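Student:
2 protein chains.
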Amino acid sequence: MMSSPTPGKRQHVVDTAYTLFKRDGFHATGIDRIIAEAGIAKMTMYRHFPSKDELIVEVLEHRARRFERQLDRLAQEAATPEQKIGKIFDWHERWFRSDDFHGCLFAHALAEFGDPGHPVFKAVARQKNAFKLHMQSILEKVMAPKQAESAAAALLMLIEGATLMAQMGQPAIDDARKAAAAIIASAHTPQ
Amino acid sequence: MMSSPTPGKRQHVVDTAYTLFKRDGFHATGIDRIIAEAGIAKMTMYRHFPSKDELIVEVLEHRARRFERQLDRLAQEAATPEQKIGKIFDWHERWFRSDDFHGCLFAHALAEFGDPGHPVFKAVARQKNAFKLHMQSILEKVMAPKQAESAAAALLMLIEGATLMAQMGQPAIDDARKAAAAIIASAHTPQ
DNA sequence: TAGATATGAGACAGACCTGTCTCACTACTA
DNA sequence: TAGTAGTGAGACAGGTCTGTCTCATATCTA
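If you're matching them up, the sequences are chains V and A in order.
Numbers -8 to 182, taken from our numbering, label the letters of the first sequence in order.
Numbers -8 to 182, taken from our numbering, label the letters of the second sequence in order.
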């Protein structure tokens, strides 16, 4: 039969682990806590994921895919590149205001897994790079590729910083929005 | 006599813990590892610091004081506000290039201690706020207070994001510098 | 010298960690 | 009905965690 474990349970573990990792961190969240919260047996989890590290990577990749789908939807809702970028800031503003906002899970993962060779580190780098490339491709419609890359990097840094500020309870999304406008304007008309 | 433990040992524990926390994270670094690396007995550490959490706070506050001294020195080395901000970016560029750069310890602390009531969380908020106020007071020399606050927040976000990018091995300090110039220019001349 | 202080070394407790294992049970299917 | 895959429950190993404890020793001072 070559059967594999029930897919529903696997996703349930990922969702539960995501909630706990987000709230309490990765090292501070034990396997016992995850399986208790998910209501499954320990062996069921280890049959789906060979180790905690691989579960973490799976959680991160699942969130990365979800974020990219949301980005694509946002891009379809807006017409001009400026509006697409605006939509991204709107999305972050709503995220910051949500009740279960606890900062960026990818940034937190980078804090706890600082070894560049670790699979978790690589998963974080993939997500951030994909986000940057998404904004870069938007900006290339209104500026040269070189300026688009530079502006996309600046916008990414702004948003990462805004997420950190929001986690500290000092939201500055409006300041970030103004700064983004200044960055895009200066890149669009270099001289 | 009301004597207290040797100050030298206390500082040595702080320095050793700082190195380990920076490299491996807070939860991943055990007390046993700290005392082994510092070459002291466990009780010596617990006589100086009542708990690991208080040691973490002490490490953060020590680094915050050191950073503020460096900021003050940078401000004295430059004449104009624009140059002072430039010196701050120079300092970060050197930091990013240093061998033992592992990202921002305060951001990492925020990732591992996300509870706003936790002393570590509060220590992080204090440091970030002090840094923002430092840049704000610089910018107030060339723009209105309201714009200075907004621009300082934007610069802080940029720098936090640049630190994260640097940790991922994708340095973008030049892009951050260009973005900072655009932000300051647009705040200096609103219309 | 006598006493107070600081420290080193290490045992110890109680809890938690990841990961493995066995056994019984359910559900589905050939 | 018989077999198989998936699961639940929990014991278990080996290690690590924080924090406390005792006892011996070094150092410094009155």
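Every residue, glycine too, gets a C-beta built ideally from N, C-alpha and C.
Just so you know, these numbers come straight off a predicted model, no measurement behind them.
Using CA atoms only, rank isn't needed, just tell me which of V:P136, V:I174, V:M159 and V:W86 is closest to M148 (chain V).
Tutor: The residue given as residue 148 (chain V) occupies position 157 in the first sequence. When only C-alpha atoms are compared, the closest one is V:I174.
Student: Taking just the CA atoms, how far does L130 (chain A) sit from A145 (chain A)?
Tutor: Numbered from its first residue, the second sequence carries residue 145 (chain A) at position 154. Numbered from its first residue, the second sequence carries residue 130 (chain A) at position 139. A145 (chain A) and L130 (chain A): Cα-Cα distance of roughly 12 Å.
Student: Apart from the five residues just before and just after M156 (chain V), which ones in its own chain have a Cβ nearer than 7 Å to its Cβ?
Tutor: As a first step, residue 156 (chain V) must be located in the first sequence, where it is residue number 165. Excluding positions up to five away in sequence, the list reads P162 and A163.
Student: Please decide whether A98 (chain V) counts as near chain A, where near means a Cβ-Cβ distance under 8 Å.
Tutor: Within the first sequence, the letter at position 107 stands for residue 98 (chain V). With 8 Å as the cut-off, A98 (chain V) counts as an interface residue toward chain A.
Student: For the alpha helix (DSSP H) that contains I47 (chain V), what are its first and last residues?
Tutor: On the first sequence, residue 47 (chain V) is found 56 positions in, with the first residue counted as 1. Note, I47 (chain V): alpha helix (DSSP H), K43 to E68.
Student: Indicate whether at least one CB of chain A lies closer than 8 Å to the CB of M134 (chain V).
Tutor: If you number the first sequence from 1, residue 134 (chain V) lands on position 143. Not closer than 8 Å to any Cβ of chain A, the Cβ of M134 (chain V) fails to qualify, so no.
Student: Count the other CB atoms within 10 Å of the CB of E68 (chain A); is the residue buried (16 or more) or exposed (fewer)?
Tutor: Locating residue 68 (chain A) in the second sequence gives position 77, counting from the first residue. Classification for E68 (chain A): exposed.
Student: Find the nearest neighbour of F92 (chain V) within the set V:L11, V:H3 and V:D106, judged by alpha-carbon distance.
Tutor: As a first step, residue 92 (chain V) must be located in the first sequence, where it is residue number 101. Scanning V:L11, V:H3 and V:D106 for the CA closest to the CA of F92 (chain V) turns up V:L11.
Student: Would you verify that the beta carbon of L202 (chain V) is, or is not, closer than 8 Å to some beta carbon of chain A?
Tutor: With chain V running from -8 to 182 in the structure shown, residue 202 (chain V) is simply not present.
Student: What's the C-alpha gap between I22 (chain A) and F97 (chain A)?
Tutor: Along the second sequence, one-based indexing puts residue 22 (chain A) at 31. Along the second sequence, one-based indexing puts residue 97 (chain A) at 106. Near 20 Å, if we compare the C-alpha coordinates of F97 (chain A) and I22 (chain A).
Student: Compute every distance between the C-beta of A157 (chain A) and the non-hydrogen atoms of the ligand ATP, then say whether any falls below 7 Å.
Tutor: In terms of ligand content, the structure shown is empty, and the ligand ATP therefore cannot be addressed.
Student: Leaving aside the five residues before and after I31 (chain V) along the sequence, list all residues of the same chain whose C-beta is less than 8 Å from its C-beta, in chain order.
Tutor: Start at 1 with the first residue of the first sequence, and residue 31 (chain V) comes out as number 40. Answer for I31 (chain V): K0, H3 and V4, listed in chain order.
Student: Can you check whether the C-beta of D44 (chain V) is within less than 8 Å of a C-beta belonging to chain A?
Tutor: Within the first sequence, residue 44 (chain V) is the residue found at index 53, counting from 1. Judged by the 8 Å Cβ criterion, D44 (chain V) is not in contact with chain A.
Student: Which class does H3 (chain V) belong to by DSSP, given the choice of helix, strand or coil?
Tutor: Here the question's residue 3 (chain V) lines up with position 12 in the first sequence. H3 (chain V) falls in the helix class under three-state DSSP.
Student: I want to know whether the stretch 114 to 131 of chain A touches the stretch 39 to 55 of chain A - three or more CB-CB distances under 8 Å.
Tutor: Yes: the two stretches touch, three or more of their Cβ pairs being nearer than 8 Å.
Student: Out of curiosity, what's the CA-to-CA distance linking G94 (chain V) and G152 (chain A)?
Tutor: One-based indexing of the first sequence puts residue 94 (chain V) at position 103. One-based indexing of the second sequence puts residue 152 (chain A) at position 161. Rounded to whole angstroms, G94 (chain V) to G152 (chain A) spans 13 Å at the Cα level.
Student: What is the DSSP secondary structure of A167 (chain A), reduced to helix, strand or coil?
Tutor: Looking up residue 167 (chain A) in the second sequence gives position 176. If DSSP states are grouped into helix, strand and coil, A167 (chain A) belongs with the helices.
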